[in-house]
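First the structure, in the form of structure tokens, and then the observations on it.
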Amino acid sequence: MSSTTEIQGFSTESGSRRADRVRLFAQPVAVVVIVGLVLVWAFTRSNDSIEAESIQAGVLLDKTWEHVLITLVVAAIVVGIGVPLGMVLTRSWARPVAPLFIAIANIGQAAPALGVLVLFFLWTEWDGLWAAALPIAFYSLLPVLRNTIVGIQSVDPALVDAGKGIGMSSSGVLFRIEVPLAVPLILAGLRTSLVLAVGTATLAFFVNGGGLGELVDTGYKLNRVSVLVVGAVLAVGLALLVDWVGALLEEYLGPKGLT
Amino acid sequence: MNLLDYVADRWDRLSLQAWLHVSEVVQSTLIAAVIGVLIGVAVYRSPIGSAVATALASTILTIPSFALLGLLIPVFGLGALPTVIALVLYALLPITRNTIVGLAGVDPAVTDAAKGIGMSRTAVLTRVELRLAWPAILAGMRVSTQMLMGIAVIAAYAKGPGLGSEVFSGLTRAGSANATNQALAGTLGVVILALLLEGVYFLIARFTISRGIRG
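Written as structure tokens, this is what we have:
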């Protein structure tokens, strides 16, 4: 039997436990080394006045923080909506409408992220953090929602029966049997959502939401490769770190009895 | 002007961009399929090789597409080249991974039987293993294509071809007449094309997966 499974949707999981373990150690090391080298290069070369305006600790920290903030807000929205919605949709009385919500979430993810972001901006005329966070959350909701539903549905019915048999209420069955058993899948979905969120957050600057994409854009528009490279490398490093945090969560928050 | 009038009015330009969008995505998927299957064939017998290949490919997929595109611009300039390179890189993971999974999942009894009737190593690979792994490889290509449809929109930033340029000019012309129609036409166009391609994959699967293993 192979330890890998077929990929059926967007997911950065390599699917093999060995590859996951390699990444768990190699990823943070690679991030620190690459980001460190690029920062040393950027700060020690002779920057002209335009470059110096972007390549300074304060600006880089600001942009990184904006990026992290968008990602955190999106993660909070995704967990806050995806998990409860998934739990509700698996109740027997909600089964008929479940496909509808899945279809909406599917469309949300099939639509190009940039298109969703731009349309939300054009329709609401908002800008800033929320103009970026809300459409990105809509775009990255599906993995958590789908995995919550699939995780709960794949719980062995015998366990649910056993829970009822010893006199548990239906909410007792949900919170003490079904949800704990679905946690590994929910965490896997959360990791995918986080990666989508941190990646899409590089586009937030298009709607004045800031983030590291802004450095890439500044470097490109003003023809300063150094600014572009610093922005892009920081964005890559941040994405790899977020993915790594997702992997850690999967590794350590999952119920011990299941793996 | 409502959306339908807008689309009818600009049909020439929109249909050309839709065609370019599909064509760059399909070509990138095909290039990635050739590379991905070759990588898969090269490493699937070695557990360490498989782990390294999938770890690398999944790391690439973690990289934000806008950042990768930004890094490619200084090296390859603007236009189709950086776009295709970025798209091929993103398409590699699902295809490579599914090739490895598909090949590793072939029943050893079947390959033994093929060797037993005197097939060479290449014949076993091309006439038995790859054909049994084909449904998995095709599924990987389908996932890649769907992903690339969205990423190709972002690639319009590097002046790549396709419907992304509609979204971008809708954004830069925000507030002026038809800006929303333009962005909407680009976005909906991508969704519709993605659904059409989904249908094409369904047909390809119907006609190319050998009858014996069709589910």
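Top to bottom, those sequences are chains Y and R. Going by this note's numbering, 58 is the number at position 53 of the first sequence; the sequence numbering is gapless. Going by this note's numbering, 68 is the number at position 62 of the second sequence; the sequence numbering is gapless. Even glycine gets a Cβ: it sits at the ideal position worked out from N, Cα and C.
Exercise. Counting only beta-carbon atoms, is VAL196(R) nearer than 7 Å to chain Y?
Worked result: yes
Problem set entry | Collapsed DSSP secondary structure at TRP131(Y) in the structure displayed | coil
For this session: With DSSP as the reference, label ASP25(Y) as helix, strand or coil.
Result: helix
For this session: Determine the closest residue to GLU172(R) out of ALA24(R), ALA14(R) and MET7(R), with distance taken between C-alpha atoms.
Result: ALA24(R)
Problem set entry | As assigned by DSSP and simplified to three states, the class of VAL31(R) | helix
Problem set entry | Under 7 Å between C-beta atoms of PHE72(R) and GLY218(Y) | yes
Exercise. Can you give the Cα-Cα distance for ASN228(Y) and ALA99(Y), rounded to whole angstroms?
Worked result: 55 Å
Exercise. At a cut of 8 Å, does the region 30-46 of chain Y reach the region 228-247 of chain Y through at least three beta carbon pairs?
Worked result: yes
For this session: Provide the residue span of the alpha helix (DSSP H) that contains THR178(R), from first to last.
Result: 170-178
For this session: Pair every Cβ in the region 187-199 of chain Y with every Cβ in the region 139-155 of chain Y, then say whether three or more of these pairs are closer than 8 Å.
Result: yes
Exercise. What residues in its chain sit with their C-beta under 8 Å from that of GLY259(Y), if we drop five residues either side in the sequence?
Worked result: VAL188, PRO189 and LEU192
Exercise. Roughly how many whole angstroms lie between the Cα atoms of ALA118(Y) and ALA142(Y)?
Worked result: 10 Å
For this session: Could you tell me whether the Cβ atoms of VAL197(R) and ALA115(Y) are closer together than 7 Å?
Result: yes
For this session: Taking only beta-carbon positions, decide if ALA189(R) is within less than 7 Å of chain Y.
Result: yes
For this session: Output, in chain order, the set of chain Y residues within a Cβ distance shorter than 9 Å of GLY42(R).
Result: Within chain Y, no residue comes near GLY42(R); the closest Cβ sits about 12 Å away, beyond 9 Å.
For this session: Specify, as a first and last residue, the run of the alpha helix (DSSP H) that VAL165(Y) falls within.
Result: 162-170
For this session: Examine chain Y for any beta-carbon lying closer than 7 Å to the beta-carbon of MET7(R), and answer yes or no.
Result: no
Problem set entry | Within chain R, the residues that GLY218(Y) reaches when beta carbons sit closer than 7 Å | PHE72
Problem set entry | TYR257(Y) classed as buried or exposed, judged by whether at least 16 other C-beta atoms fall within 10 angstroms | exposed
Exercise. Do VAL49(Y) and ALA206(Y) have their C-beta atoms within less than 7 Å of each other?
Worked result: It is Thr, not Val, that sits at residue 49(Y) in the sequence shown. Going by C-beta atoms, THR49(Y) is not nearer than 7 Å to ALA206(Y).
Exercise. Do ALA62(Y) and ALA61(R) have their C-beta atoms within less than 7 Å of each other?
Worked result: no
Exercise. DSSP on LYS165(R), reduced to helix/strand/coil?
Worked result: coil
Exercise. What is the DSSP secondary structure of MET153(R), reduced to helix, strand or coil?
Worked result: helix
Exercise. CB PRO148(Y) to CB VAL121(Y), shorter than 7 Å?
Worked result: no
For this session: Determine whether the Cβ of ALA39(R) lies closer than 7 Å to any Cβ atom of chain Y.
Result: no
For this session: Please name the residue, chosen from THR68(R), VAL159(R) and MET155(R), that lies closest to LEU201(R) on a Cα-to-Cα basis.
Result: MET155(R)
Problem set entry | Runs of alpha helix (DSSP H) lying entirely within the region 54-132 of chain R, each at least 4 residues, in chain order | 71-82, 86-110 and 114-122
Exercise. Considering only residues of the same chain and omitting the five flanking positions on each side of GLY55(R), which have a CB-CB separation below 8 Å?
Worked result: ALA48 and VAL49
Exercise. Of all the CB atoms in chain R, is at least one closer than 7 Å to the CB of THR223(Y)?
Worked result: no
Exercise. Does the separation of the CB atoms of ALA162(R) and PHE174(R) fall below 7 Å?
Worked result: yes
Exercise. Is it a yes or a no for the region 128-135 of chain R touching the region 112-120 of chain R, going by three-plus beta-carbon pairs under 8 Å?
Worked result: yes
Exercise. Taking Cβ to Cβ, would you say ILE222(R) is nearer than 7 Å to GLY46(R)?
Worked result: Nothing in the structure corresponds to residue 222(R), since chain R is present only between 7 and 221.
Exercise. Within the 7 Å Cβ cut-off, does LEU98(R) reach chain Y?
Worked result: no
Exercise. Name the chain R residues whose beta carbon is nearer than 9 Å to that of PHE30(Y)?
Worked result: By Cβ distance, chain R contributes nothing, its closest Cβ being about 11 Å from PHE30(Y), past 9 Å.
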